[in-house]
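Residue -3 is where the sequence shown starts when you use the working numbering, and the numbers rise one by one after that. Comments concern the structure below.
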Amino acid sequence: MTKTAKIDFATTDAATIVDAIMNRITTMKSLSGFRDRAGGAAKADKLYPNTREALNLLKDMKQQKRKADAIRATLAPYNARLAAGETVEDILSPILSAWREYHVKNSSLLLMPSQILMLKVIESATQLEELTGKPVPGLLNNNRED
C-alpha cells in the first residue's frame, strides 16, 4: 500500500515546498524521489522548475546556517566572558596589544588600543562595503562623508 503525498510537488510553488520541508511536513528525500520519478534532474528541471528553485533555496538556507554556525562558534568563548561582566576592550586587549606591536615594528606608529580598535573596525567597514557594494553609514573615506 502506498502512502498518500502530503504535498503535490508538481503544482506547489518553491517557497511552499521549502516551508513544508522546514516544518517537517515532507522531506528532501520525498522531493528527490519525486524528481527521480519525473525522469531525473534534467527532465524534472524542465517539467517542474519549481522543484529546482526549491532545491536552490534549500541549498542557500543550508549555506546561511553553516555561516551562522561558524560565527556562533567563533564568538562562543568570548560570550561567556562578556556574560561574566568583562568589557569588550578587556577581552580584546591581548589582540590589540599584538596589533600595536605589529604597527610599531612595521610602520613606527605608536597607536593606543582604542585607535587600533577603531582602525580595525574601519578596515572591516571598508571590506563590508566591497562585499555588499553599498556604502557603510558613518564611514569617512578619503574626504568622503556618508
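Where is the CB? At the ideal position from N, CA and C, for every residue including glycine.
Considering only their Cβ atoms, is the gap separating residue j from residue i smaller than 7 Å?
i	j	result
K2	T22	yes
R31	T47	yes
Y151	I87	Nothing can be reported for residue 151, as the shown portion of the chain is limited to -3 through 142.
R96	I112	yes
V14	L78	no
A50	A10	yes
L92	V100	no
L43	A34	yes
In the DSSP assignment, find the alpha helix (DSSP H) that holds residue i and state where it starts and stops.
i	result
P73	45 to 79
M114	109 to 128
Going by DSSP in three states, residue i sits in which element: helix, strand or coil?
i	result
V14	helix
I87	helix
S26	helix
K2	coil
E82	coil
L106	coil
D142	Confidence in D142 is poor, its pLDDT being 46 and thus under 50, which makes the residue's placement unreliable; the coordinate value appears in the next sentence. Looking at D142 - three-state DSSP - the assignment turns out to be coil, as it is neither helix nor strand.
D32	helix
R20	coil
D9	coil
V100	helix
For residue i, I'd like the list of residues in its chain whose CB is within less than 8 Å of its CB, leaving aside the five on either flank, ordered along the chain.
i	result
L135	I118, A121, T122, E125, D142
K55	none
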